[in-house]
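Number 268 in the numbering used here belongs to position 213 of the sequence shown; there are no gaps in the numbering. Positions of the beta carbon are idealized from the N, C-alpha and C atoms, including for glycine. Written out below as structure tokens is the structure these notes cover.
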Amino acid sequence: MNSTAKAIIYFLVLTLTFPVVFVLLVLPSLFISALTRVSQYLGRERNIKESKHLRKTVLVTGAPHTKGLQICRFLASAGHRVILADMKKFRWSASRFSNCVDKWVTLPDVVPGDSEGYRKAIRSIVSAESVDWWIPVSHTTTAVVDSAVKKEMEVTNPFVKVLSIDSVETADMLDDEILFLEQAKAMGLAVPEFYKISCCQDVVELCKKGIFQRRHFFPYSEDRVCFTRIPDNETELG
56 MNSTAKAIIY FLVLTLTFPV VFVLLVLPSL FISALTRVSQ YLGRERNIKE
106 SKHLRKTVLV TGAPHTKGLQ ICRFLASAGH RVILADMKKF RWSASRFSNC
156 VDKWVTLPDV VPGDSEGYRK AIRSIVSAES VDWWIPVSHT TTAVVDSAVK
206 KEMEVTNPFV KVLSIDSVET ADMLDDEILF LEQAKAMGLA VPEFYKISCC
256 QDVVELCKKG IFQRRHFFPY SEDRVCFTRI PDNETELG
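Given below as structure tokens:
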């Protein structure tokens, strides 16, 4: 039997068996998938209907983080209305396009020494959208600011529940690595050896003291990008 005849036979076998394969494999898969989607939709609608009187409008800030998206999912599955907001530089985060998010709001960026636009925008959303809960999933740049806004809202919007640190000083301490390590050390907790470096001369002085000899130190920078090992001798350091 030549190759052409074999090819024709294979083609006929595939053509004749395709309906059987489709009926036995594809259709059941499509049916199960459709049934699952319908079940999920009905379950969500039932939850919303049963808890309609408990449904809250929740503001979530912190779009770039997976934890922020997961919080939105939890809230939506419980039937709550979810508003997701974040700074302008994060406006294209994938979380804003999630089916669990009912509305997206872009906030002004927080820059060193100027957070008033961000704070004002948060208060505006809370008032305009009749927000019941605010859950800030903090950035390193907004953690302290969020705590400050919470303190302000205790006066201006006392009925809004905010899941954030009560004390601005505590938030500032937790957000600053050096302050956090110093606090932990003062409490008698075991902490790694650390030094505060504010300029190149600080590194030189520590190197002269032999701090870096036979040990590896990695600087922690605010941009979380610079993790180059500090040399253990002055020759490399130069």
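- May I ask which residues mark the beginning and end of the beta strand (DSSP E) holding L114? T112 to T116
- Between V67 and A60, what straight-line distance do the alpha-carbon atoms span, to the nearest angstrom? Per the sequence shown, residue 67 should be read as Leu rather than Val. Cα-Cα distance, rounded: 11 Å.
- Query: So, using beta-carbon positions, are S148 and P119 closer together than 8 Å?
  - Reply: yes
- Contact the region 242-262 vs the region 214-225: 3+ CB pairs below 8 Å: no
- Message: Between the alpha carbons of V223 and E207, how many angstroms are there, rounded?
- Response: 11 Å
- Query: Where does G123 land, buried or exposed, given buried means 16+ other C-beta within 10 angstroms?
  - Reply: buried
- Query: Per DSSP, R136 forms a beta bridge with which residues?
  - Reply: T112
- Query: My guess is that V115 and I177 are in contact by the Cβ rule of under 8 Å, so how many angstroms apart are they, rounded?
  - Reply: Actually they are not in contact, since the Cβ atoms of V115 and I177 sit about 12 Å apart, beyond 8 Å.
- Query: Relative to the C-alpha of K143, which residue among V192, R92, V165 and D201 is closest?
  - Reply: V165
- From D201 to G117, what does the alpha carbon distance come to, in whole angstroms? 11 Å
- Item | For D157 and V137, believed in contact at Cβ under 8 Å, the rounded distance | 5 Å
- Task: For the beta strand (DSSP E) containing L80, list its first residue and its last residue.
- Result: Counting along the chain, L80 falls outside any beta strand (DSSP E), and DSSP gives it neither H nor E.
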